[in-house]
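Asks: Pasting in a structure now, in structure tokens, and then I'll have a few things to ask.
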Amino acid sequence: MPLLTRQVQVCVVQTFFRRVAIKLTLLAIAGVYPFASYSQTFHQPTVKEIQRIITVITADARCPKEYQIISVGPADADKALSGEESTVARTQTILRDRTSHLIHEVFSDAKTGAVVEWRRIGVVQPVLTDSDCDSAEAIVRNTSGWLQGLTRRGLTPDDVVLECVASGIPVSTMPFRIVRVYTYMRPAEGSSIYGRPVEGLVCVVNLDGHRLVEFYDRELGPIPEQSGSSRWIPENIKSRKSKLLKFIKPPSSIAVSGNTIQWNGWKLSALIHSSEGLVIYSASFMRNGELNSVAHRLSLSEVVTTYGDTALHWNARYTLAVGEYGLGANVSQLTPGYDVPQNSKTLSAVILQDGKPVEIPDAIAVYETDEGVLWRHTDSRSGNKMSYPNKTLNITSISTVRNCDYVFTYKFHSDGSIDIEAGSTGLSEVRSVIDTSGSLNREFGQSLGTLTGPNLLLPVWQQFYCFRLDLDVDGPRNRVSEFEITSAPDFINKYGAAMQYDNYEWLFEKEAQSEISAERNRSWIVWAANSRNALGGTPGYSITPKTYSVPLLTTGHPLRSRADFLRHSLWVTRYHPEEMLAAGPFPNQNVQPAGVSIYASNNQRLRGEDVVVWLTTTLVNIPALEDYPLRKIRTTGVHIAPFNFDNSSVSPR
571 MPLLTRQVQV CVVQTFFRRV AIKLTLLAIA GVYPFASYSQ TFHQPTVKEI QRIITVITAD
631 ARCPKEYQII SVGPADADKA LSGEESTVAR TQTILRDRTS HLIHEVFSDA KTGAVVEWRR
691 IGVVQPVLTD SDCDSAEAIV RNTSGWLQGL TRRGLTPDDV VLECVASGIP VSTMPFRIVR
751 VYTYMRPAEG SSIYGRPVEG LVCVVNLDGH RLVEFYDREL GPIPEQSGSS RWIPENIKSR
811 KSKLLKFIKP PSSIAVSGNT IQWNGWKLSA LIHSSEGLVI YSASFMRNGE LNSVAHRLSL
871 SEVVTTYGDT ALHWNARYTL AVGEYGLGAN VSQLTPGYDV PQNSKTLSAV ILQDGKPVEI
931 PDAIAVYETD EGVLWRHTDS RSGNKMSYPN KTLNITSIST VRNCDYVFTY KFHSDGSIDI
991 EAGSTGLSEV RSVIDTSGSL NREFGQSLGT LTGPNLLLPV WQQFYCFRLD LDVDGPRNRV
1051 SEFEITSAPD FINKYGAAMQ YDNYEWLFEK EAQSEISAER NRSWIVWAAN SRNALGGTPG
1111 YSITPKTYSV PLLTTGHPLR SRADFLRHSL WVTRYHPEEM LAAGPFPNQN VQPAGVSIYA
1171 SNNQRLRGED VVVWLTTTLV NIPALEDYPL RKIRTTGVHI APFNFDNSSV SPR
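The sequence shown begins at 571 in our numbering and counts up one residue at a time.
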């Protein structure tokens, strides 16, 4: 065990119990004991609690007369808090003043509803809400230009449906709430709206001014005929139910109490946040009979999707799923037997719909899977066999944002490693084109997409997933290094097969910025700063990306500023309780750099401090016919594994 700090050594105590209390508190502050913030309460607010919170806030004298409630959800306590303060479950409420356009951020006691803190943020734009979309549709349907555009195409308002999306590229820096509205043919029953776009009819709406600020009307392609609808009818999919394996009884190895989960040496909590969706807290792993801290908070801080089409109105069709829509605000109810195994244990969450709390049952699924062999060996001389199964605890959530279903799974393995898997499936978004014969589908040469049917082009797209990894290896005081494996230099590599690894520690934030490199087998390690393993070495956890490709956006694209974290694959910053989102807390309509690049600009010291790793992985989709109308899931993620953390190979627990 590490030596006591000098502060503890000089303490004069009067009773045994007081001496123990002071010892634990000071050791937690020093970072040599599994930290005190693990006593924090991780609580998913209920419908009644949120109703009480809204009632208290709206009755407060500081509440605007004309307000819009954007979100209510769990709030993080500062990790520096200890004692009774750290055990109070808090919520965060975002309000918008419809008159002044100011944003209010209110923190409340989840149990009593009492206001703990009230902040006026300024004029920024929070995520879109259902009421925003309802207002936008009403404005567009009463606009003469849009009605004339329908008439020229031989359509009536009853023939079409509208979809409200984030503005994408703001037309100016004005403080008004701006959205973009696309037009689609009204689908037949069981069909998707995305297969029949009314291409080139786009409205940009000022919700505060109740008017259009931009109108785009160009007939870029004919309205496609109905295509692929039979594959999208839910009844046709559910007819395969008899083929599913049924596991009725949940495994007894999983213990769930509230939002806290214990399994095979792991203890952690899982909550749904309004912005990030599924968040893992206080993950600890059993080592030598004691729980040792691994991570304080694991989350997906932003997902950016870009489409590779050249049309002007498609240039704005990129999304920031966290900052413009909210993954938690769009969490879906999971279907056991389809989304997750039938024997899953599930947890509910509460989201806002039209400003009112609504419970989403089965928002989080907890289940065990067998992923084959963790390790094994057969002794060729004795014939003895040793093997250990790779049992895995899975925690899954799905959020649906427009046409895209984002699937998130945290996998906790018996050897102390963690896999974070993130991916997307859903309905393909296509554009209407003149081509009907497939001339755009050249097997060789260059193409912007794939023709999936007459007049339907599915563009190439990229998705960027930025993971926020607040690892606390044996406590919050850590160190971070970059790890590379390369061929040894020629002067010591006489036979040509020598390999070596380089392990370079970062001392300050500005140097802790790097790129994923397959050529150098690059990974990163978060080390404990104040503990040692059995051999006197430093225990740590390695971080390895699963996929990557460079961003294909040009340097002048507005998204380069709005999602400035794309500048590097990896950043490391000092922990600050308000720094949670890679693109900043309010990236909607923002045109200035924010988020991680600003956090790192302070160039704070990293060695022996509480650090946060931000890692971005990428998916690139070359569309195929099999991706329409529903595209199969593609995943990326991060592998987090113990590195000198335990004293030997994992033993059965």
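For glycine and all other residues, C-beta sits at the position ideal for the given N, C-alpha and C.
Find the nearest neighbour of P1155 within the set L651, D989 and V693, judged by alpha-carbon distance.
Replies: Here residue 1155 refers to the residue found at position 585 of the sequence shown. For P1155, the nearest C-alpha among the options comes from V693.
Asks: Let me know the secondary structure DSSP gives N885 once reduced to three states.
Replies: What you label residue 885 is simply residue 315 of the sequence shown in a count that begins at 1. Three-state DSSP puts N885 in a helix.
Asks: Checking 8 Å against the spacing of the C-beta atoms, do L917 and A840 come in under that value?
Replies: Sequence index remark: in the sequence shown, residue 917 carries index 347 (1-based). Sequence index remark: in the sequence shown, residue 840 carries index 270 (1-based). Yes; because the gap between Cβ atoms is below 8 Å, this pair is in contact.
Asks: What residues match up with I988 in a beta bridge as DSSP calls it?
Replies: Reading the sequence shown from its first residue, position 418 is the one you call residue 988. Paired residues: F982 and I1210.
Asks: What residues in its chain sit with their C-beta under 6 Å from that of Y976, if we drop five residues either side in the sequence?
Replies: In the sequence shown, residue 976 corresponds to position 406, counting from 1. Contacts found: S969 and S994.
Asks: Where does G692 sit, in a helix, a strand or coil, going by DSSP?
Replies: Taking the first residue of the sequence shown as position 1, residue 692 is located at position 122. Strand, per DSSP.
Asks: Looking only at C-alpha atoms, which of L868, N885 and L870 sits nearest to T876?
Replies: Taking the sequence shown and counting its residues from 1, the one referred to as residue 876 is at position 306. For the residues L868, N885 and L870, the minimum Cα distance to T876 belongs to N885.
Asks: Measuring only the C-alpha atoms, how far is L1176 from S998?
Replies: Locating residue 1176 in the sequence shown gives position 606, counting from the first residue. Locating residue 998 in the sequence shown gives position 428, counting from the first residue. Approximately 43 Å between the Cα atoms of the pair.
Asks: Does the Cβ of L1039 have 16 or more other Cβ atoms within 10 Å, making it buried, or fewer, making it exposed?
Replies: For this step, residue 1039 is matched to residue 469 along the sequence shown. It is buried - the Cβ of L1039 has at least 16 other Cβ atoms within 10 Å.
Asks: What is the residue span of the alpha helix (DSSP H) that R747 lies within?
Replies: For this step, residue 747 is matched to residue 177 along the sequence shown. From DSSP, R747 is part of no alpha helix (DSSP H); its letter is neither H nor E.
Asks: Compute the beta-carbon to beta-carbon distance between I709 and M755, rounded to the nearest angstrom, for a pair I have assumed lies under 8 Å.
Replies: The residue labelled residue 709 in the question sits at position 139 within the sequence shown. The residue labelled residue 755 in the question sits at position 185 within the sequence shown. Not confirmed; about 21 Å, so no contact.
Asks: Hey, T1186 and Y1169: beta-carbon distance below 8 Å or not?
Replies: Looking up residue 1186 in the sequence shown gives position 616. Looking up residue 1169 in the sequence shown gives position 599. No, the Cβ-Cβ distance between T1186 and Y1169 is not below 8 Å.
Asks: Tell me where the beta strand (DSSP E) around C734 begins and ends.
Replies: Translated into positions along the sequence shown, residue 734 becomes position 164. Residues V730 to A736.
Asks: Report the residue from C974, L1136 and L1026 whose alpha carbon sits nearest the alpha carbon of I1203.
Replies: In the sequence shown, residue 1203 corresponds to position 633, counting from 1. For I1203, the nearest C-alpha among the options comes from C974.
Asks: Specify whether the region 1039–1048 and the region 1057–1066 touch according to this definition: at least 3 beta carbon pairs, one from each stretch, less than 8 Å apart.
Replies: No, they do not touch.
Asks: May I have the straight-line CA-CA distance separating G859 from D1134, to the nearest angstrom?
Replies: For the purposes of this step, residue 859 is taken as the residue at position 289 of the sequence shown. For the purposes of this step, residue 1134 is taken as the residue at position 564 of the sequence shown. If I take the Cα positions, the gap works out to 44 Å.
Asks: Buried or exposed: where does P1147 fall if 16 or more other Cβ atoms within 10 Å of its Cβ makes it buried?
Replies: As a first step, residue 1147 is located in the sequence shown; it is residue number 577 there, counting from the start. Burial call: exposed.
Asks: Contact between the region 1206–1219 and the region 1121–1138: three or more CB pairs below 8 Å?
Replies: Judged by Cβ distances under 8 Å, the region 1206–1219 makes no contact with the region 1121–1138, as fewer than three pairs qualify.
Asks: Using the Cα positions of L904 and T966, report the straight-line distance between them to the nearest angstrom.
Replies: Numbered from its first residue, the sequence shown carries residue 904 at position 334. Numbered from its first residue, the sequence shown carries residue 966 at position 396. Straight-line Cα distance between these residues: approximately 9 Å.
Asks: With a floor of 3 residues, list each beta strand (DSSP E) that falls wholly inside the region 641–716, ordered by position along the chain.
Replies: With a minimum length of 3 residues, the continuous beta strand (DSSP E) runs that stay inside the region 641–716 are 660–667, 673–679 and 685–692.
Asks: According to DSSP, is R788 helix, strand or coil?
Replies: By 1-based counting over the sequence shown, the position of residue 788 is 218. Reduced to three states, the DSSP call for R788 is coil.
Asks: Based on the DSSP output, what are the partners of G1110 in its beta bridges?
Replies: Counting from one through the sequence shown, the residue named residue 1110 turns up at place 540. Paired residues: W1097 and F1213.
Asks: Buried or exposed, going by whether 16 or more other CB atoms sit within 10 Å of the CB of I673?
Replies: The count along the sequence shown starts at 1 and reaches residue 673 at position 103. Counting Cβ neighbours within 10 Å, I673 comes out buried, since at least 16 surround it.
Asks: When the Cα of G893 is compared with those of L1195, S641 and I1192, which residue comes out closest?
Replies: Counting from 1 along the sequence shown, the entry for residue 893 is found at position 323. Answer by Cα proximity: S641.
Asks: Helix, strand or coil: which one does DSSP assign to F1037?
Replies: Reading the sequence shown from its first residue, position 467 is the one you call residue 1037. In the structure shown, F1037 sits in a strand (DSSP, three-state: E or B).
Asks: Buried or exposed: G1023, going by 16 or more other Cβ atoms within 10 Å of its Cβ?
Replies: Residue 1023 sits at position 453 when you count from the first residue of the sequence shown. Classification of G1023: buried, given that the 10 Å Cβ count is 16 or more.
Asks: In whole angstroms, what is the alpha-carbon distance linking T1056 and S1093?
Replies: As a working mapping, residue 1056 is identified with position 486 in the sequence shown. As a working mapping, residue 1093 is identified with position 523 in the sequence shown. Computed Cα separation, rounded: 12 Å.
Asks: Leaving out five residues on either side along the sequence, give the residues of the same chain with a beta carbon under 7 Å from the beta carbon of V1030.
Replies: In the sequence shown, counting from the first residue as 1, residue 1030 sits at position 460. Result list for V1030: G878, L1018, G1019, N1191, I1192 and P1193, in chain order.
Asks: Following the continuous beta strand (DSSP E) through T830, name the residue where it begins and the one where it ends.
Replies: Numbered from 1 along the sequence shown, position 260 holds the residue referred to as residue 830. Start and end: T830 to W833.
Asks: Under the three-state reduction of DSSP, which class applies to A1133: helix, strand or coil?
Replies: Residue mapping note: residue 1133 aligns to position 563 of the sequence shown, counting from 1. In the structure shown, A1133 sits in coil (DSSP, three-state: anything other than H, G, I, E or B).
Asks: I'd like the span of the alpha helix (DSSP H) that includes V1166, first residue to last.
Replies: By 1-based counting over the sequence shown, the position of residue 1166 is 596. Start and end: V1166 to A1170.
Asks: Could you check how far apart the C-beta atoms of T1205 and Y1118 are, in whole angstroms? I think they sit under 8 Å.
Replies: Locating residue 1205 in the sequence shown gives position 635, where the first residue counts as 1. Locating residue 1118 in the sequence shown gives position 548, where the first residue counts as 1. At roughly 13 Å, the Cβ-Cβ gap does not stay under 8 Å, so T1205 and Y1118 are not in contact.
Asks: State the start and end residues of the unbroken beta strand (DSSP E) segment that holds T1186.
Replies: Start at 1 with the first residue of the sequence shown, and residue 1186 comes out as number 616. Here the beta strand (DSSP E) through T1186 covers V1181 to N1191.
Asks: Alpha carbon to alpha carbon, how far is E1089 from S1218? Give it in angstroms, no decimals.
Replies: As a working note, residue 1218 is residue 648 in the sequence shown. As a working note, residue 1089 is residue 519 in the sequence shown. Between S1218 and E1089, the C-alpha separation is close to 29 Å.
Asks: Roughly how many angstroms separate the alpha carbons of S1101 and W836, rounded to a whole number?
Replies: In the sequence shown, the residue the question calls residue 1101 occupies position 531. In the sequence shown, the residue the question calls residue 836 occupies position 266. Distance between the alpha carbons of S1101 and W836: 20 Å.
Asks: Tell me the DSSP secondary structure of L1151 in three-state form.
Replies: Residue 1151 sits at position 581 when you count from the first residue of the sequence shown. Three-state result, L1151: coil.
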